[in-house]
Amino acid sequence: MKNVIVLLVAILCCGVAVAQKKEKIKGSKTVTVTQREINPFEAVEIEDNIEVFLVKGDVQGLEIEADDNLHEVISTEYYGNTLRITTTKDVSAFKKFSIRLTYTGTLTSVTAKHEVVLNALMALELNNITITNLDYSKSFINVKSKNFTLKMNDKTKAEANIQADSTVIEMSKNAELKALVAAQSAKIDLYQKTTASIEGDAARAQIRLDNNAELTAKKFTVKALELLAESYSTCNVLASETIGVSATGKAEVELYGTPKIDLKKFADNATLYKRNEEKRLF
658 MKNVIVLLVA ILCCGVAVAQ KKEKIKGSKT VTVTQREINP FEAVEIEDNI EVFLVKGDVQ
718 GLEIEADDNL HEVISTEYYG NTLRITTTKD VSAFKKFSIR LTYTGTLTSV TAKHEVVLNA
778 LMALELNNIT ITNLDYSKSF INVKSKNFTL KMNDKTKAEA NIQADSTVIE MSKNAELKAL
838 VAAQSAKIDL YQKTTASIEG DAARAQIRLD NNAELTAKKF TVKALELLAE SYSTCNVLAS
898 ETIGVSATGK AEVELYGTPK IDLKKFADNA TLYKRNEEKR LF
């Protein structure tokens, strides 16, 4: 009896998997443009392999530029104040498959996943905005914000030009980032084989690295820096006035600049180098 139940469950699971698999479709290679009315939104989630261009305007709107047989596969749904944009079919071999999403000052969150390419060629001028990249998605963004947060997970990539009073960057699972940052305060967390290259300046910054994370920030000038490096992480940083360092495991830290150093914790096989003098400190 138990074997029969297990078999039935397996069959049902297979049936659900088959039912959820999308039908494939190829583009006609004839590109057209259409407009679509949308409801007001404060957050947006975009999935699948759509290329997205964010543009600020007085009225929210959606413009589709794609092969003419692909317009109908772009689906819009609403969950409260969240607009969700997905595809109803597995789209491949197209000439064009993109949307232009017009947002207003009410936008607070954008989530991209499943190979979405997110573009903000003109700066996202918003008080508070969070960009989240998941599952192989990419972002190419310019930001002018009071409070900006960038979250990246699972082999995502981003290039960002950020001007914000407060900047928060959270990365995990092989994410890659190139960023130019100008901020009063910055909080940067890198985990699980992430790689980041950051330039610019900040008055204050907190940086944490763990589990094989790599940070290149010798051109990111921070007046007051707090650094925590753990496990097999590696980084180079530039502090101009003060730096507090906690390093454990096999972390490697390269320090540029001539700050006052507060060595808060230094354990295991961690190493600290003063690179502008090419001399090892500990």
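In my numbering, the protein residues as written are 658 to 939. We put the CB at the ideal spot given by N, CA and C, even for glycine.
C-alpha gap between residue i and residue j, whole angstroms
i    : j    : result
T891 : K683 : 44 angstroms
A927 : A896 : 19 angstroms
H728 : L758 : 14 angstroms
A840 : F698 : 28 angstroms
G714 : E782 : 11 angstroms
S842 : G914 : 19 angstroms
L920 : D858 : 23 angstroms
T691 : I855 : 39 angstroms
V773 : E871 : 25 angstroms
I703 : L740 : 8 angstroms
L884 : I707 : 38 angstroms
Y760 : L711 : 7 angstroms
I695 : T789 : 22 angstroms
A836 : T851 : 14 angstroms
L929 : T873 : 15 angstroms
E722 : K686 : 12 angstroms
L882 : E827 : 17 angstroms
Y735 : A924 : 51 angstroms
A832 : Y848 : 9 angstroms
Residue i: first and last residue of the uninterrupted beta strand (DSSP E) it sits in
i    : result
G857 : 852-866
A821 : 814-829
G901 : 891-904
N837 : Before going on, a small fix: residue 837 reads as Leu here, not Asn. 833-847 is the span of the beta strand (DSSP E), which, as asked, contains L837.
K683 : 681-683
L740 : 739-744
V910 : 909-913
L758 : 754-760
T768 : 766-770
T763 : It is not in any beta strand (DSSP E) - T763 carries neither H nor E in the DSSP assignment.
V716 : Here V716 belongs to no beta strand (DSSP E), and DSSP marks it neither H nor E.
D747 : 747-749
A886 : 871-886
Three-way DSSP call (helix, strand, coil) for residue i in this model
i    : result
E704 : coil
V730 : helix
N926 : coil
N804 : strand
N784 : strand
E935 : Summary for E935: the model assigns pLDDT 44, below 50, so the residue's position carries little reliability, and this model does not support an answer.
T691 : strand
V666 : Annotation note: pLDDT 45 at V666 (below 50); position unreliable, no value reported.
F797 : strand
D724 : strand
D811 : coil
N696 : coil
V774 : strand
K678 : coil
K980 : The first residue shown for the chain is 658 and the last is 939, placing residue 980 beyond what the model contains.
D919 : strand
Pair within 8 angstroms by beta-carbon distance, residue i and residue j
i    : j    : result
T599 : T787 : Lying outside 658 to 939, the shown extent of the chain, residue 599 is not represented and no answer is given.
N799 : A769 : no
S802 : L775 : no
N818 : N804 : no
Contact with chain D by residue i, beta-carbon distance below 8 angstroms
i    : result
V894 : In the displayed structure, chain D is absent; only one protein chain is listed.
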